[in-house]
Amino acid sequence: MSAQRKERAAEGSKEVSAKEKERRRAEEEDFEGVIRETTSTAAARRKLPRQQIILNIPEVVDDFLRNFLRRACMTRTLNSFEVEWNSLTQVSLTGTLSTGISFIPDALTHRQILQRELDTVRAETDLLRQEVLVAGESLVKMQRERDFHQLQYQKVAEDKNKLIKDFKQLKKHLESYKPALRQLDEKFQTALRQKMLISLEKDKLQNTSEAREHQEIKNKSNSPEKSTAKSPIKRHPKDSEFPICSRQVNPQVQSQKWKDPSSFILSCSIRAHKLPSSSISLHPQKMILASASDDHSWRLWALPANGEKVGEMMLSGAGHSDWLSGCSFHPDGSKLATTSGDTTVRLWDFSRGCCVLSLTGHSQPTWGCSFHSCGHFLASCSADRTAKLWDLNSQRCRLTLRRHTASINSVCFLRFSNFLLTCSADKTLALWDARLGICTTTFHGHLHPCNHAAVSLAGDTVASCDTCGVVNLWDIRKPVSATATVDAGPLAANQVVFCPSGKMLAIASSDGLVRLVEVDSCAVRSLSGHRDSVQCVTFDHTGETVMSAGSDGLINMWS
1 MSAQRKERAA EGSKEVSAKE KERRRAEEED FEGVIRETTS TAAARRKLPR
51 QQIILNIPEV VDDFLRNFLR RACMTRTLNS FEVEWNSLTQ VSLTGTLSTG
101 ISFIPDALTH RQILQRELDT VRAETDLLRQ EVLVAGESLV KMQRERDFHQ
151 LQYQKVAEDK NKLIKDFKQL KKHLESYKPA LRQLDEKFQT ALRQKMLISL
201 EKDKLQNTSE AREHQEIKNK SNSPEKSTAK SPIKRHPKDS EFPICSRQVN
251 PQVQSQKWKD PSSFILSCSI RAHKLPSSSI SLHPQKMILA SASDDHSWRL
301 WALPANGEKV GEMMLSGAGH SDWLSGCSFH PDGSKLATTS GDTTVRLWDF
351 SRGCCVLSLT GHSQPTWGCS FHSCGHFLAS CSADRTAKLW DLNSQRCRLT
401 LRRHTASINS VCFLRFSNFL LTCSADKTLA LWDARLGICT TTFHGHLHPC
451 NHAAVSLAGD TVASCDTCGV VNLWDIRKPV SATATVDAGP LAANQVVFCP
501 SGKMLAIASS DGLVRLVEVD SCAVRSLSGH RDSVQCVTFD HTGETVMSAG
551 SDGLINMWS
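Residues in the sequence shown are numbered consecutively from 1, following full-length UniProt numbering.
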């Protein structure tokens with residue numbers, strides 16, 4: 001029995017040993033599979049980014065493997081692992097062996113990696129959430145601003161449409177008033193003519209009655225009886241009377257000879273003002289030139305004659321509160337009239353050296369003035385579309401001429417007559433009877449606003465210039481159309497003036513040139529010497545010298 005038991009025990013031990021061998025073989029195969037998987041996984045992990053490879057393996061890994069092998073009774077595998085682990089540890093210390101096997105991180109390391117990634121994603125999510133909130137707030141703000149601007153635009157559009165509608169209604173209403181205004185204007189002109197005719201008739205009757213009374217008083221004074229008759233009282237005792245129109249001929253007109261424009265050369269230049277000069281005027285008898293400037297002052301200059309020094313300033317005056325636009329000598333040469341942007345006209349007396357009269361009545365800047373040949377009347381023009389006739393004795397406005405529809409830029413009396421010539425920015429010229437205050441002739445022909453107009457000394461030819469440099473010549477007896485046209489453009493022609501003989505015309509141009517035009521042939525010659533726009537030009541008493549002034553503040557003389 002014991003032998004059988006021993007045999008059974010031996011067979012059982014053999015079977016157990018065989019099962020144990022099979023179990024160990026299976027575990028070894030499983031371990032080799034794990035090693036292969038670990039090797040393939042390590043090879044795959046070599047391709048991952050460097051930040052996911054764990055270089056420092058925690059110490060629990062080798063202990064985990066040892067414990068696993070001990071529990072599995074894999075002593076030989078454990079011995080092999082110990083030998084290989086120790087050898088690898090020594091090699092890693094010496095740095096002489098390099099293997100292609102990478103370490104596999106455990107679950108804790110994976111968790112740490114995933115936790116870091118999760119923290120990064122959460123931080124980025126929070127940042128994006130904040131940005132989205134800010135963008136949402138900005139979007140809401142922009143939407144509110146858009147809605148506000150849309151409301152404002154709708155309101156402005158409604159106001160615009162309302163204004164356009166009102167403008168159309170007002171325009172239509174204005175058109176309906178135009179016939180009535182035209183009719184009222186005609187009635188006004190008719191009433192004004194009748195009033196002037198009545199006043200003239202009264203003046204004639206008054207003069208006749210005065211003469212009769214004077215004769216009666218004279219007759220009675222010769223008789224022993226004393227007379228107590230009284231002369232009638234005038235309504236305006238200081239008012240001046242217009243002289244009888246006497247078409248006198250300037251004695252210099254017949255004696256003047258034609259001067260070739262090419263013979264004029266620049267003889268002298270005077271630094272008159274620091275600011276632009278707007279106007280010059282020659283003394284009626286002497287070689288004295290007056291200049292007006294934007295510096296609010298006027299000056300008198302002695303020209304080279306009778307041994308006087310060239311460019312010597314004789315007198316200066318300042319009193320206007322704005323720029324000066326024009327100046328004109330009194331016929332006797334003792335006074336000077338100036339116009340200004342302060343809307344006034346001032347009269348200066350050289351003997352007193354001060355302003356003796358300030359004429360106010362224009363509502364906008366005054367552009368120019370002109371004396372009647374008798375010296376008792378002064379005409380002025382303004383941007384308020386009116387021209388006024390001032391009586392210097394009574395110091396009041398005798399007439400206000402209204403016909404132009406735009407600024408009146410120049411005014412001048414015809415020599416030895418009671419006629420007044422005006423030119424306007426409404427592209428027309430008008431000839432007025434100063435005694436009656438009515439427009440006798442209108443000149444149409446300019447296509448652009450007129451800047452200046454002048455009359456020859458003979459009184460039969462009118463010259464006018466406009467803002468495009470076009471100069472028209474008119475026969476005052478046939479004002480239907482211009483007799484000749486001269487193109488001095490393309491820039492503006494600021495002033496035009498006749499020489500004493502009436503055969504030559506001088507033009508002040510904005511291109512810095514003074515142009516001389518032969519009236520008969522319309523031949524044009526140019527004189528250069530200014531560095532800026534030429535504003536005004538004039539001739540001397542003989543017509544042998546041309547004087548000009550401009551925006552450069554210089555007065556140039558060509559002889």
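Beta carbons are placed, not taken as given, at the ideal position from N, Cα and C, and that holds for glycine.
Keep in mind it's a predicted model, so treat the numbers as computed, not measured.
For residue i, the three-state DSSP class (helix, strand or coil)
{"i": "I198", "result": "helix"}
{"i": "G375", "result": "coil"}
{"i": "L69", "result": "helix"}
{"i": "H173", "result": "helix"}
{"i": "G136", "result": "helix"}
{"i": "D391", "result": "strand"}
{"i": "H444", "result": "strand"}
{"i": "K478", "result": "strand"}
{"i": "E84", "result": "helix"}
{"i": "A123", "result": "helix"}
{"i": "L178", "result": "Note on identity: in this sequence residue 178 is Lys, with Leu being the wrong assignment. Three-state result, K178: helix."}
{"i": "K238", "result": "coil"}
{"i": "Q535", "result": "strand"}
{"i": "H149", "result": "helix"}
{"i": "N451", "result": "strand"}
{"i": "L414", "result": "coil"}
{"i": "R352", "result": "coil"}
{"i": "S370", "result": "strand"}
{"i": "M287", "result": "coil"}
{"i": "D487", "result": "strand"}
{"i": "F419", "result": "strand"}
{"i": "R25", "result": "helix"}
{"i": "E308", "result": "For E308, the pLDDT reaches just 49, beneath the cut-off of 50, and the residue's location in the model is therefore unreliable, leaving the point undetermined."}
{"i": "R402", "result": "strand"}
{"i": "M74", "result": "coil"}
{"i": "A191", "result": "helix"}
Under 8 Å between C-beta atoms of residue i and residue j
{"i": "S297", "j": "A272", "result": "no"}
{"i": "G445", "j": "A482", "result": "yes"}
{"i": "L378", "j": "A337", "result": "yes"}
{"i": "A430", "j": "H404", "result": "yes"}
{"i": "N409", "j": "C439", "result": "no"}
{"i": "L289", "j": "M547", "result": "yes"}
{"i": "S278", "j": "G326", "result": "yes"}
{"i": "V462", "j": "V486", "result": "no"}
{"i": "L505", "j": "V514", "result": "no"}
{"i": "A549", "j": "I280", "result": "yes"}
Own chain residues within Cβ distance below 7 Å of residue i, not counting five before or after
{"i": "L414", "result": "L421, V455 and G459"}
{"i": "K274", "result": "D295 and G553"}
{"i": "S358", "result": "T344 and R346"}
{"i": "L491", "result": "G469, S509, S510 and D511"}
{"i": "P284", "result": "F329, P331 and G333"}
{"i": "S551", "result": "P276, D532, S533 and Q535"}
{"i": "P479", "result": "T441 and F443"}
{"i": "V140", "result": "none"}
Neighbourhood of residue i by C-beta, 6 Å cutoff - its chain only, sequence neighbours within 5 removed
{"i": "M314", "result": "L300 and A302"}
{"i": "D529", "result": "Checking the sequence shown, residue 529 turns out to be Gly, not Asp. Excluding sequence neighbours, G529 sits near L266 and N556."}
{"i": "P243", "result": "C374"}
{"i": "S559", "result": "S267 and T545"}
Of the residues the options, the one placed nearest residue i, counting alpha carbons only
{"i": "D322", "options": "W348, L289 and W367", "result": "W367"}
{"i": "K238", "options": "N556, F264, D391 and G512", "result": "D391"}
{"i": "G489", "options": "P479, H448 and E117", "result": "H448"}
{"i": "S526", "options": "C73, F264 and E186", "result": "F264"}
{"i": "K21", "options": "L516, T75, D63 and V61", "result": "T75"}
{"i": "W432", "options": "E158, S417 and C355", "result": "S417"}
{"i": "residue 581", "options": "T400, V471, V462 and E312", "result": "The displayed coordinates of the chain run from 1 to 559. Any statement about residue 581 would go beyond what the structure contains."}
{"i": "C73", "options": "M504, R25, V140 and A549", "result": "R25"}
{"i": "L436", "options": "A425, L205, Q194 and L69", "result": "Q194"}
{"i": "H320", "options": "A484, P365 and L65", "result": "P365"}
Close-in-space but distant-in-sequence residues of the same chain around residue i (CB under 8 Å, 5 per side omitted)
{"i": "L55", "result": "Low confidence applies to L55: its pLDDT is 49, below 50, so where it sits in the model is not reliable, and the reading given next is rough at best. No residues qualify anywhere along the chain."}
{"i": "S424", "result": "R385, H404, T405, A406, S407, I408, N409, A430, P449 and C450"}
{"i": "G494", "result": "According to the sequence provided, residue 494 is Asn. The question's Gly does not apply to it. Only N451, H452, C465, A508, S509, S510, S533, V534, Q535 and C536 meet the Cβ criterion."}
{"i": "R477", "result": "D460"}
{"i": "S269", "result": "G529, L554, I555, N556 and M557"}
Under 8 Å: do the segment 366-373 and the segment 328-337 share three or more Cβ pairs, one atom per stretch?
Short answer: they touch.
Quick check: the segment 499-515 against the segment 535-550, are there 3 or more CB pairs under 8 Å?
Yes, since at least three Cβ pairs between the segment 499-515 and the segment 535-550 fall closer than 8 Å, the two stretches touch.
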